[in-house]
Structures are given as structure tokens and as C-alpha cells.
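Inspection log for the structure reproduced underneath, given as C-alpha cells.
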Amino acid sequence: MLTPELFAKVFDMAVLAPDTREAAIRAACAQAKDVDVAALYTNPCWTPVVADELAGSGVRTGVALGFPYGTTTLRTKLAEAEEALAAGGTALDMVINIGALKDGNLALVRDEVRGLVELCRGRALAKVIYEVCFLSDDEIRTLTGICVEEGVDWIKTSTGSQGLPDAHHLEVMKEGLVGSTTQLKLSGVPRQFTLAACLWMLDMGVTLIGTRSAPRLVDEYREHLARLTTSTVHD
Numbered sequence: 013m014l015t016p017e018l019f020a021k022v023f024d025m026a027v028l029a030p031d032t033r034e035a036a037i038r039a040a041c042a043q044a045k046d047v048d049v050a051a052l053y054t055n056p057c058w059t060p061v062v063a064d065e066l067a068g069s070g071v072r073t074g075v076a077l078g079f080p081y082g083t084t085t086l087r088t089k090l091a092e093a094e095e096a097l098a099a100g101g102t103a104l105d106m107v108i109n110i111g112a113l114k115d116g117n118l119a120l121v122r123d124e125v126r127g128l129v130e131l132c133r134g135r136a137l138a139k140v141i142y143e144v145c146f147l148s149d150d151e152i153r154t155l156t157g158i159c160v161e162e163g164v165d166w167i168k169t170s171t172g173s174q175g176l177p178d179a180h181h182l183e184v185m186k187e188g189l190v191g192s193t194t195q196l197k198l199s200g201v202p203r204q205f206t207l208a209a210c211l212w213m214l215d216m217g218v219t220l221i222g223t224r225s226a227p228r229l230v231d232e233y234r235e236h237l238a239r240l241t242t243s244t245v246h247d
């Protein structure tokens, strides 16, 4: 069973609302450091602030690229990635061109994925966002194959702006990861995401969960462990 400290590292926090102000970004950084989550994600304009606030901590500076629609050009996405890295980003999540995947334009999709991985190599984690609510099982399998072949660190379900992922989406994504080093990130979950659901997803093979509710879930996990300890003592 995970310790509370390791459980906290299951989570990526994110503050991505378009009306977010600097005070909220700095407050989220303080919260992320206090809980010691894996990463805190913001939109690219906040990367210098986040990198400064998180310097010296164990929390990565996350940057959302092509967010939330994935419809910027390849050149724009790679320029965003380069700027994010230069500003201190250490975990980059990029939304793929969903329409290109559905059209069968796999060359463009592969160029996006490969470009991200090459820029991040040795500098940051590379994560690719699918937006599974738009994709068929075969499209998910095709994209997973590309991501595995190109060496993506994590494949990620959703942005949270369009539709929710479900257990079936996770199963299909997981199928393509067997024997690879690429891992599975669940995101796009509702704010009221429960501890029970979280533990279930971890049992399914998810290794990262993106949610703003990470502090609450870590607190609930500590209480859960305390109850188990008390129960064991009484037994």
C-alpha cells in the first residue's frame, strides 16, 4: 500500500481556467508544494511564475500545449514547447490534432508527437492528450501505437473541456502499453472525483491522475490509512 507521500505523487494538479489571475497561480503553487504532488500545470503564459514558485521543490512545472483543442499548427505547437522549456517547464502535455487523427492524417499526428518527444528528451516529461470522447477504439489504438513508438512518457485521456473518459477508454489505451515504458494518465475527471474511484483507477494501471482535487484526495487517503490502522489494532 502506498504511503501518503507516494500517494501524493500520483497526482498532477492543474489551474487552466482562462480568467485565472496571478494570485491564484501563486496560491496553487503553494498548495502543490505543501501536498508535494507530481506537477502543477498551467497555461504557457504562467510558466515563468510557476517555475519560480516551484524552484527547489519536488513538484514539476507543467505546461499545457495546444490547449484545449489541439488545433494550432505543428510549428506553433513546437514553438510553444520550446518557449515552455526555456521558461522552466519540466512536464509538457500536448493536445494532438484530433481532426487529423480522425481523417487518417497520421503523418501530421506522428510529426506532432515526435517533435514534442525530441524537444523534451533529457529536459522534461512528454505527455500526449487524446481527448478520448471524440475517438473510436481503433483511433485510440492507432494513436497509442504512435505514442509508444515515439517514446512518449505518458498518454493522457482528456483535457476536461469536452467530455469525460470512462473505464473502457482506459482499457483500450492500456492494451497498447504492454511491454512499453509509456504510462497512462487519467485526466478530465469531475471535481468531485472520489477516493474510491481514484484507488480503482490505480488498480486498473493508471499511474498519474490529473485533478485539482489532489489536496482533498490526499487528506482523505491519510484518513483512510488511519482507519485501517485502527481497525487492525482492534482486530
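For the sequence shown, the tail end lands on 247 under this note's numbering, and the numbers increase by one without skipping. Even glycine gets a Cβ: it sits at the ideal position worked out from N, Cα and C.
query                                                                                                                                        : result
If Q43 sits next to P227, beta carbons under 8 Å apart, how far is it from one beta carbon to the other, in whole angstroms?                 : 6 Å
Following the continuous alpha helix (DSSP H) through Q195, name the residue where it begins and the one where it ends.                      : It is not in any alpha helix (DSSP H) - Q195 instead sits in the beta strand (DSSP E) that spans 195-198.
Tell me M106's beta-bridge partners as DSSP assigns them.                                                                                    : L77, V140
With DSSP as the reference, identify every bridge partner of A51, one or two as the case may be.                                             : D24, R72
Pop quiz: T73 and A103 are said to be a contact at Cβ under 8 Å. What is the actual Cβ separation, rounded to whole angstroms?               : 7 Å
Decide yes or no for the touch test of the region 157-164 against the region 135-146: beta carbon pairs closer than 8 Å, at least 3 of them. : yes
Since L196 and I167 are thought to touch, with beta carbons under 8 Å apart, how far apart are those beta carbons, to the nearest angstrom?  : 6 Å
Look up W166 in the DSSP assignment and give the residues it is bridged to.                                                                  : K139, Q195
Any idea what DSSP makes of G157, helix, strand or coil?                                                                                     : helix
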